[in-house]
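Enquirer:
There are 2 protein chains.
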Amino acid sequence: MTKITFDITTSLDGYVAGPNQSVDEPLGEGGEALHEWAFALEAWRKPHGREGGETTASSALMEEGLARTGAVVMGRKMFGGGGTGPWGDEPWEGWWGDDPPFHVPVFVVTHHPREKLEKEGGTTFTFVTDGIKAAVEQARSAAGGKDVSIGGGADVIQQALRAGLVDEFQVNVAPVLLGSGTSLFGEVGTGELAVEPTGVVEAPAVTHLRYRVVK
Amino acid sequence: MTKITFDITTSLDGYVAGPNQSVDEPLGEGGEALHEWAFALEAWRKPHGREGGETTASSALMEEGLARTGAVVMGRKMFGGGGTGPWGDEPWEGWWGDDPPFHVPVFVVTHHPREKLEKEGGTTFTFVTDGIKAAVEQARSAAGGKDVSIGGGADVIQQALRAGLVDEFQVNVAPVLLGSGTSLFGEVGTGELAVEPTGVVEAPAVTHLRYRVVK
Numbered sequence: 270m271t272k273i274t275f276d277i278t279t280s281l282d283g284y285v286a287g288p289n290q291s292v293d294e295p296l297g298e299g300g301e302a303l304h305e306w307a308f309a310l311e312a313w314r315k316p317h318g319r320e321g322g323e324t325t326a327s328s329a330l331m332e333e334g335l336a337r338t339g340a341v342v343m344g345r346k347m348f349g350g351g352g353t354g355p356w357g358d359e360p361w362e363g364w365w366g367d368d369p370p371f372h373v374p375v376f377v378v379t380h381h382p383r384e385k386l387e388k389e390g391g392t393t394f395t396f397v398t399d400g401i402k403a404a405v406e407q408a409r410s411a412a413g414g415k416d417v418s419i420g421g422g423a424d425v426i427q428q429a430l431r432a433g434l435v436d437e438f439q440v441n442v443a444p445v446l447l448g449s450g451t452s453l454f455g456e457v458g459t460g461e462l463a464v465e466p467t468g469v470v471e472a473p474a475v476t477h478l479r480y481r482v483v484k
Numbered sequence: 270m271t272k273i274t275f276d277i278t279t280s281l282d283g284y285v286a287g288p289n290q291s292v293d294e295p296l297g298e299g300g301e302a303l304h305e306w307a308f309a310l311e312a313w314r315k316p317h318g319r320e321g322g323e324t325t326a327s328s329a330l331m332e333e334g335l336a337r338t339g340a341v342v343m344g345r346k347m348f349g350g351g352g353t354g355p356w357g358d359e360p361w362e363g364w365w366g367d368d369p370p371f372h373v374p375v376f377v378v379t380h381h382p383r384e385k386l387e388k389e390g391g392t393t394f395t396f397v398t399d400g401i402k403a404a405v406e407q408a409r410s411a412a413g414g415k416d417v418s419i420g421g422g423a424d425v426i427q428q429a430l431r432a433g434l435v436d437e438f439q440v441n442v443a444p445v446l447l448g449s450g451t452s453l454f455g456e457v458g459t460g461e462l463a464v465e466p467t468g469v470v471e472a473p474a475v476t477h478l479r480y481r482v483v484k
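So the sequence lines, in the order shown, correspond to chains A and B. Residue numbers for the first sequence, in this note's numbering: 270 to 484. Residue numbers for the second sequence, in this note's numbering: 270 to 484.
1) Determine the chain A residues that contact Phe497 of chain B at a beta-carbon separation under 8 Å, and present them in chain order.
2) So that I know if they touch, is there some Cβ in chain A lying closer than 8 Å to that of Glu323 of chain B?
3) Measuring only the C-alpha atoms, how far is Arg345 of chain B from Glu362 of chain B?
4) Taking CB distances under 8 Å as the criterion, tell me whether Thr459 of chain B reaches chain C.
5) List, in chain order, every chain A residue whose beta-carbon is nearer than 9 Å to that of Ala302 of chain B.
6) What does Gly297 of chain A reach in chain B if we use C-beta pairs closer than 8 Å?
7) In terms of alpha-carbon separation, which member of A:Ala463, A:Ser328, A:Leu453 lies closest to Lys484 of chain A?
8) What residues in the region 457-482 of chain B bring their beta carbon closer than 7 Å to a beta carbon of chain A?
9) Please compile the residues from chain B whose C-beta is within a distance smaller than 8 Å of the C-beta of Val442 of chain A.
10) Gly433 of chain B: buried (16+ other C-beta within 10 angstroms of its C-beta) or exposed?
11) Determine whether the beta carbon atoms of Ala302 of chain B and Thr392 of chain A lie at a separation below 8 Å.
12) Report back the beta-carbon spacing between Ser280 of chain B and Leu478 of chain B to the nearest angstrom; my notes put them in contact at under 8 Å.
13) Roughly how far, in whole angstroms, is the beta-carbon of Ala309 of chain A from the beta-carbon of Gly322 of chain A, given that I think they are within contact range, below 8 Å?
14) Would Asp416 of chain B and Arg481 of chain B be called neighbours here (beta carbons separated by less than 8 Å)?
15) Identify which residue in B:Thr476, B:Val405, B:Glu465, B:Gly450 has its Cα closest to the Cα of Gly287 of chain B.
16) For Pro355 of chain B, collect the residues of the same chain with a Cβ closer than 6 Å to its Cβ; drop the 5 residues on either side in sequence, then sort them by chain order.
17) So Leu335 of chain B is in the alpha helix (DSSP H); what residue range does that whole segment cover?
18) Starting from Phe308 of chain B, follow the alpha helix (DSSP H) in both directions and report where the run begins and ends.
19) Would you verify that the beta carbon of Pro355 of chain B is, or is not, closer than 8 Å to some beta carbon of chain A?
20) Cα separation between Gly455 of chain A and Gly413 of chain B?
21) By Cβ distance, which residues of its chain are closer than 8 Å to Glu461 of chain A, with the 5 residues on each side in sequence left out?
22) Which whole-angstrom value describes the C-beta separation of Lys388 of chain A and Asp367 of chain A, a residue pair presumed to lie in contact below a C-beta threshold of 8 Å?
23) Please identify the residue among A:Pro444, A:Val475, A:Trp364 whose C-alpha is closest to the C-alpha of Asp293 of chain A.
24) Going by the CB atoms, is the gap between Val373 of chain A and Gly339 of chain A shorter than 8 Å?
25) Helix, strand or coil for Ala474 of chain A per DSSP?
26) Whose C-beta lies closer than 6 Å to the C-beta of Gln427 of chain A among residues of the same chain, with five residues either side of it excluded?
27) Enumerate, from N- to C-terminal direction, the unbroken beta strand (DSSP E) stretches of 3 or more residues contained entirely within the region 387-430 of chain A.
Right under this line is the structure:
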């Protein structure tokens, strides 16, 4: 059965990106440090076309996550712009190059209607203009019984949490304090969402915390 | 050798108390839920004069923490007021009753000079008016080679982190989202503080994350 999930890295103080995000620093000041644990892994480097890398307790989690994912939902900024917006006015092809690392259908939540974009390696980008719920439903249909992973950013994850769409999630806590930036959970509160822990995996430079949403 | 530590419970979104703290709700709206894991433990109930309770993986951590602690530093609000302040104008004896659960010297960081207060069971409250560094140094002298635990609140912990006083800490992550409130780390950022994980303990309704400050 398809589950709706997300898997995202935060700082110890709960930010998915540092302050002052820009084209030069899409993860904000200090934000790259969040992902050092992933950049070091063969399980991350190989699908991103890079050589080398190590194998840690994070590797199996990452590989299982990829194998389980049949479709991805993301926001416009994570895609890389939708024609206009904070990253400039060009009709971008996104951050992800000709052969994006997803290899599944991706549904981009945006206000800008746009033709579907087909990339190499099985990744397609479909632009959904009628909200998070519609994007998740389209992704569920496309996932072929596998899971739908909500890639981010935080605003899209918060919309999905508030809409009661998420079944399970994993927060990868990096040993970094950013002090300010983009908060993963924002103002989503307990009145809106009850969660219970389902497991913890300790790995070098990251702690993976897994939760289930209580429905 | 005496280490300067803290051990505090936060929500999954990083708050040590919910919004709208008051005399009736000192932990703010929803904040009591942070501590359900502790209230359920015999290791918490016994020193707080309550019967019953369970034993979990958290119990040994709590008992070791108490055994290691030779002195405590806390802020005025955690003490319970210092004569005047947000909790009213009475010259309070604090939140903690005649036999507080500390059983060691406690140093209260405050702007209000006041005579030392002696309680039953070995707890004394000494009021320190010249800042966090002085309070930690007095606590270190009083700790008899054991550790100094900074009890809170978040503002006092942030002052200690910024002053480079903290050696190790433990964040107990409760499976609760508060949405707003008092942030543990506030604006303390990476430029000010580097940390590395030293261990994780999984227990019912809480995940204990342990860190060392890299000096």
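Using N, Cα and C, we set each Cβ at its ideal position, and we do this for glycine too.
Expert: The answer reads as follows:
1) The structure shown has nothing for residue 497 of chain B, since chain B only spans 270 to 484.
2) no
3) 11 Å
4) The chain labelled as chain C is not found among the protein chains of the depicted structure, namely A and B.
5) Thr459
6) Within chain B, no residue comes near Gly297 of chain A; the closest Cβ sits about 11 Å away, beyond 8 Å.
7) A:Ala463
8) Within the region 457-482 of chain B, the residues whose Cβ lies closer than 7 Å to some Cβ of chain A are Val457, Gly458, Thr459, Leu462, Val464, Glu465, Pro466, Val469, Glu471, Thr476, Leu478, Tyr480, listed in chain order.
9) Leu478
10) Exposed: under 16 other Cβ atoms inside 10 Å.
11) no
12) The Cβ separation is near 13 Å, so there is no contact.
13) 6 Å
14) no
15) B:Gly450
16) With a pLDDT of only 49 at Pro355 of chain B, under 50, the local geometry of the prediction cannot be trusted, and no value is derived from it.
17) 326-337
18) Unbroken alpha helix (DSSP H) run through Phe308 of chain B: 305-308.
19) A caution first: Pro355 of chain B carries a pLDDT of 49, below 50, which makes its placement in the model unreliable, though a value can still be read off. No - not a single Cβ of chain A is within 8 Å of the one on Pro355 of chain B.
20) 43 Å
21) Leu430, Arg431
22) 6 Å
23) The option with the nearest alpha carbon to Asp293 of chain A is A:Trp364.
24) yes
25) coil
26) Gly455, Val457
27) Within the region 387-430 of chain A, the complete beta strand (DSSP E) runs of at least 3 residues are 393-397, 416-421.
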